[in-house]
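Number of protein chains: 2
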Amino acid sequence: MRRFVIGSARNLIESSRQKYQFERSILSSPYRFLSSSPAADSPSSSSSSSSTMAHPVSLNTINPKVIECEYAVRGEIVTLAQKLQEEIQTKPDAHPFEEILYCNIGNPQSLGQQPITFFREVLALCDHPAILDKSETQGLFSADSIERAWQILDQIPGRATGAYSHSQGIKGLRDTIAAGIEARDGFPADPNDIFLTDGASPAVHMMMQLLIRSEKDGILCPIPQYPLYSASIALHGGTLVPYYLDEATGWGLEVSELKKQLETSRSKGITVRALVVINPGNPTGQVLAEENQKAIVEFCKQEGLVLLADEVYQENVYVPEKKFHSFKKVSRSMGYGEKDIALVSFQSVSKGYYGECGKRGGYMEVTGFGADVREQIYKVASVNLCSNISGQILASLVMSPPKVGDESYESYSAERDGILSSLARRAKTLEDAFSKLEGVTCNKAEGAMYLFPRIDLPEKAIKAAEAAKKAPDAYYCQRLLAATGIVFVPGSGFGQVSSWHLAF
Amino acid sequence: MRRFVIGSARNLIESSRQKYQFERSILSSPYRFLSSSPAADSPSSSSSSSSTMAHPVSLNTINPKVIECEYAVRGEIVTLAQKLQEEIQTKPDAHPFEEILYCNIGNPQSLGQQPITFFREVLALCDHPAILDKSETQGLFSADSIERAWQILDQIPGRATGAYSHSQGIKGLRDTIAAGIEARDGFPADPNDIFLTDGASPAVHMMMQLLIRSEKDGILCPIPQYPLYSASIALHGGTLVPYYLDEATGWGLEVSELKKQLETSRSKGITVRALVVINPGNPTGQVLAEENQKAIVEFCKQEGLVLLADEVYQENVYVPEKKFHSFKKVSRSMGYGEKDIALVSFQSVSKGYYGECGKRGGYMEVTGFGADVREQIYKVASVNLCSNISGQILASLVMSPPKVGDESYESYSAERDGILSSLARRAKTLEDAFSKLEGVTCNKAEGAMYLFPRIDLPEKAIKAAEAAKKAPDAYYCQRLLAATGIVFVPGSGFGQVSSWHLAF
Chain L
1 MRRFVIGSAR NLIESSRQKY QFERSILSSP YRFLSSSPAA DSPSSSSSSS STMAHPVSLN
61 TINPKVIECE YAVRGEIVTL AQKLQEEIQT KPDAHPFEEI LYCNIGNPQS LGQQPITFFR
121 EVLALCDHPA ILDKSETQGL FSADSIERAW QILDQIPGRA TGAYSHSQGI KGLRDTIAAG
181 IEARDGFPAD PNDIFLTDGA SPAVHMMMQL LIRSEKDGIL CPIPQYPLYS ASIALHGGTL
241 VPYYLDEATG WGLEVSELKK QLETSRSKGI TVRALVVINP GNPTGQVLAE ENQKAIVEFC
301 KQEGLVLLAD EVYQENVYVP EKKFHSFKKV SRSMGYGEKD IALVSFQSVS KGYYGECGKR
361 GGYMEVTGFG ADVREQIYKV ASVNLCSNIS GQILASLVMS PPKVGDESYE SYSAERDGIL
421 SSLARRAKTL EDAFSKLEGV TCNKAEGAMY LFPRIDLPEK AIKAAEAAKK APDAYYCQRL
481 LAATGIVFVP GSGFGQVSSW HLAF
Chain F
1 MRRFVIGSAR NLIESSRQKY QFERSILSSP YRFLSSSPAA DSPSSSSSSS STMAHPVSLN
61 TINPKVIECE YAVRGEIVTL AQKLQEEIQT KPDAHPFEEI LYCNIGNPQS LGQQPITFFR
121 EVLALCDHPA ILDKSETQGL FSADSIERAW QILDQIPGRA TGAYSHSQGI KGLRDTIAAG
181 IEARDGFPAD PNDIFLTDGA SPAVHMMMQL LIRSEKDGIL CPIPQYPLYS ASIALHGGTL
241 VPYYLDEATG WGLEVSELKK QLETSRSKGI TVRALVVINP GNPTGQVLAE ENQKAIVEFC
301 KQEGLVLLAD EVYQENVYVP EKKFHSFKKV SRSMGYGEKD IALVSFQSVS KGYYGECGKR
361 GGYMEVTGFG ADVREQIYKV ASVNLCSNIS GQILASLVMS PPKVGDESYE SYSAERDGIL
421 SSLARRAKTL EDAFSKLEGV TCNKAEGAMY LFPRIDLPEK AIKAAEAAKK APDAYYCQRL
481 LAATGIVFVP GSGFGQVSSW HLAF
């Protein structure tokens with residue numbers, strides 16, 4: 001059966017190439033959660049280290065939290081893939097494939113997705129404003145991109161795109177983003193609540209840094225989960241409190257499960273500070289129903305948890321019966337305001353139809369925190385001075401794309417719809433193809449950029465994996481890579497425990 | 001005397017405006033060093049926090065390391081300045097000045113310095129490669145910028161500037177940077193030693209995260225120091241071990257002082273992990289002599305310390321008798337290789353003649369670490385996926401600018417020399433002007449972008465500061481801001497203890 005899956009997978013992926021993205025990780029083994037290495041905060045080993053040594057740094061003397069941290073979407077399987085790639089380059093016949101297909105991470109433009117023209121026009125003009133007045137520029141750039149570049153430059157003091165900005169990001173761009181959030185949600189958004197960041201990841205780190213005091217502080221995270229969360233919690237010395245998504249109901253999120261895990265961890269002396277919800281799901285692709293979201297908001301309010309809402313796939317919903325609702329909209333529609341719930345929403349320019357991963361743009365909208373705590377978040381943001389200005393500009397563009405009547409509107413919407421329908425089509429193609437494979441069960445592709453099919457492995461394969469000291473699905477992914485050149489990350493890398501999966 | 005200084009300062013700064021940059025901070029008081037809040041690692045407060053509270057996060061329940069951290073270049077004085085700025089906007093007559101002059105941080109383009117045209121041409125073309133083939137582009141962009149953009153795009157897999165790159169940065173760009181380092185130093189550089197980052201600050205954080213295990217780990221830092229170091233050490237829960245620069249010898253760095261402080265901290269049970277050297281100095285502007293650097297390298301080798309070399313001002317040397325030598329060149333010229341000394345060199349696109357602060361580009365060159373530890377650094381880099389691609393490209397450009405014979409060479413070198421000679425001229429103008437002021441003693445402006453003049457304050461002013469519960473120089477800076485609109489950061493923000501200073 002394994003051979004069958006491998007052979008089919010190659011065809012399937014080839015036909016869907018440059019099309020559908022994936023994201024993944026080998027991550028930590030489940031027993032790491034909650035136990036959270038007692039060594040991590042013990043200074044005992046440090047006092048024994050002595051001076052006058054040739055090599056001042058070794059694995060025994062670095063921060064154990066760094067060793068603890070794992071991040072499988074760039075982990076062992078990717079390192080192996082890079083090695084194979086080098087071998088192919090020097091010896092094309094070395095392996096039974098000609099190239100490596102990286103399906104380990106959602107990186108659309110690396111697989112051929114083209115950027116949105118309007119966005120790139122504006123970025124180029126802001127990078128080199130000296131050409132804005134030149135006549136040739138009219139022939140090369142759309143009129144509304146030129147107009148938008150002027151607007152943006154006028155929002156930047158001295159039109160200096162090479163200057164550090166306000167530590168939360170340029171005020172005018174935050175105004176635009178707040179207006180975009182208002183238009184999306186139908187509820188007010190305050191530009192002072194926006195913190196622009198170099199992608200969503202640094203924003204997540206900032207919140208973990210703020211909330212985690214020691215290994216006694218816990219963060220509720222979905223399992224399977226995007227391993228940024230486990231990595232960040234490990235780096236900051238906290239404890240990941242897992243809650244398990246229900247594969248049987250399309251990776252459903254049950255509030256009863258949240259309650260159970262919260263109580264279990266409290267009984268172990270863990271103070272749970274926050275709940276991470278990824279919607280649409282990564283790596284599980286499910287889109288939460290509004291009623292479900294209301295129950296989650298209510299749970300956070302009652303239990304005094306910060307709601308950390310990873311909403312970076314808000315534009316990636318592929319089924320007509322599901323819609324994205326931001327947690328801010330849901331909580332405001334329940335009548336809950338600043339005083340009722342502490343909520344952080346993460347957004348990124350890397351996902352959606354834009355897929356601008358390399359630009360490292362994103363923001364978090366921080367609501368429901370007191371002014372004194374907000375000041376502390378600002379201080380941490382200010383230590384890195386500001387996020388990159390191109391990423392800031394792009395974040396404003398994705399929240400305020402061309403509108404009906406703008407010169408670029410038609411080409412922009414054609415590009416956007418082309419990408420989104422292509423993503424939806426390929427999601428469905430892969431979902432159907434996986435579902436037809438023997439020994440494979442696949443969830444419905446509702447949103448995000450991922451599928452998380454379950455593989456039934458024969459006893460013999462599991463024994464071989466044990467002998468190789470690998471999780472069975474990690475072993476499977478290594479064999480799949482060696483046989484086909486396709487880089488998948490095993491479900492165990494996302495913390496999945498009771499069954500074996502591939503993550504696309 | 002204070003009035004005299006204020007009046008003269010305004011004139012002096014006005015005439016030097018858009019010209020000379022400064023960087024500074026209110027920072028922590030000196031008694032914070034070495035004592036490093038015992039609360040920082042104590043989980044005792046966490047267990048008392050309970051559930052079912054309306055506000056889950058307060059100053060009492062956030063990470064105390066965040067509260068501990070201070071970063072004065074964006075601190076209290078800047079917040080006050082922003083408040084005054086708002087008041088001027090609504091009521092132009094509110095204060096005896098029309099605008100705020102931000103001299104708190106080295107941010108040249110915010111003060112009117114223009115970016116290097118060639119760099120911006122290449123960035124714009126890489127942002128919007130679709131125009132590379134168009135005939136109008138020839139009229140708008142220099143031929144070598146078009147050629148360079150093609151070269152760079154060819155180094156990026158799929159020419160995808162919107163894709164995540166290798167976590168250390170695009171390999172081809174690292175090749176270019178390594179070649180630039182080789183050309184600068186005359187010693188080999190390995191592209192695999194280069195980690196591209198969103199400016200130098202995240203690189204410094206990465207090293208602190210790697211090296212600091214607990215408050216028992218110490219990092220030797222100059223005083224006065226750029227407060228990024230104290231902020232980062234506080235956030236990572238370590239101990240800043242101060243060594244004092246000698247104002248009497250132009251802020252000289254004495255190895256005997258390093259030894260004394262190392263021994264003192266060891267006697268207190270601190271394991272010193274690394275030595276930070278900022279050369280040219282920030283905020284003190286001194287350029288180290290090669291012999292001095294050799295003694296520092298020898299000290300680190302003998303004591304088993306990592307040498308963290310902040311070399312972001314390597315292009316900013318203003319006196320003919322001083323030259324910048326990288327610590328890597330110095331250590332290699334002493335015959336010391338990978339096995340002898342662990343050395344990290346930080347570089348940034350924010351300083352030099354380029355001053356591209358908003359682009360957030362930079363790199364660290366990591367040498368003398370074992371493969372296993374390097375793997376851990378790579379892992380931490382990979383958790384944020386990669387630094388922004390525009391910043392990566394710019395880092396390659398500053399290490400490989402146009403050469404003699406290139407179409408842009410003349411305009412490029414005219415722009416570069418114009419900026420550098422203007423910086424040098426203004427440094428000298430300010431140095432001379434400060435030296436003439438009564439009650440002010442000013443160091444020589446050798447390099448970097450800063451002066452650190454000493455102010456003698458009368459007893460009455462010191463008493464008034466005490467009454468206001470401020471450090472006397474912090475009090476002075478607040479009064480200066482209120483009277484003139486000029487934002488200086490007090491020397492106490494850089495940890496300076498025995499005398500009062502302004503930092504420009």
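Quick mapping for you: the protein sequence lines, in order, are chains L and F.
The opening residue of the first sequence carries number 1 in the UniProt record's numbering; numbering runs sequentially from there.
The opening residue of the second sequence carries number 1 in the UniProt record's numbering; numbering runs sequentially from there.
Even for Gly, the Cβ is constructed at its ideal location relative to N, Cα and C.
Rounded straight-line distance, which links the Cα of residue j to that of residue i
| i | j | result |
| --- | --- | --- |
| residue 166 of chain L | residue 432 of chain L | 48 Å |
| residue 493 of chain L | residue 448 of chain F | 46 Å |
| residue 177 of chain L | residue 191 of chain L | 7 Å |
| residue 584 of chain L | residue 185 of chain L | Residue coverage of chain L in this structure runs from 1 to 504, which leaves residue 584 of chain L outside it and unanswerable. |
| residue 318 of chain F | residue 189 of chain L | 48 Å |
| residue 341 of chain F | residue 56 of chain F | 47 Å |
| residue 316 of chain L | residue 419 of chain L | 10 Å |
| residue 150 of chain F | residue 161 of chain F | 12 Å |
| residue 245 of chain L | residue 303 of chain L | 20 Å |
| residue 212 of chain L | residue 275 of chain L | 13 Å |
| residue 251 of chain F | residue 218 of chain L | 46 Å |
| residue 469 of chain F | residue 463 of chain F | 10 Å |
| residue 247 of chain F | residue 333 of chain F | 29 Å |
| residue 438 of chain L | residue 425 of chain L | 22 Å |
| residue 487 of chain L | residue 306 of chain F | 37 Å |
Buried versus exposed, by CB contacts within 10 Å (16 or more), residue i
| i | result |
| --- | --- |
| residue 404 of chain F | exposed |
| residue 328 of chain F | buried |
| residue 372 of chain F | exposed |
| residue 337 of chain F | exposed |
| residue 154 of chain F | exposed |
| residue 474 of chain L | buried |
| residue 310 of chain F | buried |
| residue 507 of chain F | Since the first residue of chain F shown is 1 and the last is 504, residue 507 of chain F is not available in this structure. |
| residue 198 of chain F | buried |
| residue 94 of chain F | exposed |
| residue 89 of chain F | exposed |
Interface partners of residue i on chain F, CB under 8 Å
| i | result |
| --- | --- |
| residue 255 of chain L | Chain F residues near residue 255 of chain L: none, gap ~15 Å exceeds 8 Å. |
| residue 58 of chain L | 370, 372, 373 |
| residue 71 of chain L | 379, 382, 383 |
| residue 62 of chain L | 210, 211, 213, 373, 376 |
Contact set between residue i and chain F, taken where Cβ atoms lie within less than 9 Å
| i | result |
| --- | --- |
| residue 312 of chain L | Going along chain F, no residue has its Cβ under 9 Å from residue 312 of chain L, so there is no contact; the nearest lies around 13 Å. |
Listed by chain order, chain L residues near residue i by CB distance under 8 Å
| i | result |
| --- | --- |
| residue 477 of chain F | Per Cβ cutoff of 8 Å: no residues; residue 477 of chain F is ~18 Å from chain L at best. |
| residue 198 of chain F | 198, 360, 384, 387, 388 |
| residue 95 of chain F | Neighbours of residue 95 of chain F on chain L: none; closest Cβ ~19 Å, over 8 Å. |
Proximal chain L residues relative to residue i, where beta-carbon distance stays under 9 Å
| i | result |
| --- | --- |
| residue 412 of chain F | The contacting residues do not exist; residue 412 of chain F stays about 14 Å from chain L at best. |
Partner residues on chain L for residue i, Cβ-Cβ distance less than 7 Å
| i | result |
| --- | --- |
| residue 391 of chain F | 388 |
Chain F residues whose Cβ lies nearer than 7 Å to that of residue i
| i | result |
| --- | --- |
| residue 356 of chain L | 162 |
| residue 107 of chain L | 163, 164 |
Interface positions of the segment 367-380 of chain F facing chain L (Cβ-Cβ less than 7 Å), listed along the chain = Within the segment 367-380 of chain F, the residues whose Cβ lies closer than 7 Å to some Cβ of chain L are 369, 370, 372, 373, 376, 379, 380, listed in chain order.
Members of the segment 118-136 of chain F near chain L, C-beta cut-off 8 Å = The residues in question are 120, 121, 123, 124, 125, 127, 128, 130, 131, 134, 136.
Given 8 Å as the limit, is there contact between the segment 102-119 of chain F and the segment 344-360 of chain F, that is, 3 or more CB pairs closer than that?
-> The segment 102-119 of chain F makes contact with the segment 344-360 of chain F; the number of CB pairs closer than 8 Å reaches 3 or more.
Can you list, in chain order, the residues of the segment 160-177 of chain F whose Cβ is nearer than 8 Å to any Cβ on chain L?
-> Listed by position, the residues of the segment 160-177 of chain F near chain L (Cβ gap below 8 Å) are 160, 161, 162, 163, 164, 165, 167.
Determine, using beta-carbon pairs with one atom in the segment 474-484 of chain F and one in the segment 219-238 of chain F, whether at least three such pairs fall under 8 Å.
-> Output reads no: the segment 219-238 of chain F does not touch the segment 474-484 of chain F.
Meets three-Cβ-pair contact criterion under 8 Å: the segment 114-126 of chain L and the segment 122-130 of chain F | Touching, per the Cβ criterion.
Residues of the segment 334-345 of chain F whose Cβ lies closer than 8 Å to any Cβ of chain L, in chain order | Per Cβ criterion, the list reads 339, 340, 342.
With a cut-off of 8 Å, do at least 3 Cβ pairs link the segment 383-394 of chain L to the segment 83-100 of chain F?
-> With a cut-off of 8 Å, the segment 83-100 of chain F and the segment 383-394 of chain L do not count as touching, because too few Cβ pairs lie within range.
Is it true that the segment 361-377 of chain F meets the segment 94-108 of chain F, where meeting means three or more beta-carbon pairs spaced less than 8 Å apart?
-> In short, these stretches do not touch, since the Cβ pair count stays below three.
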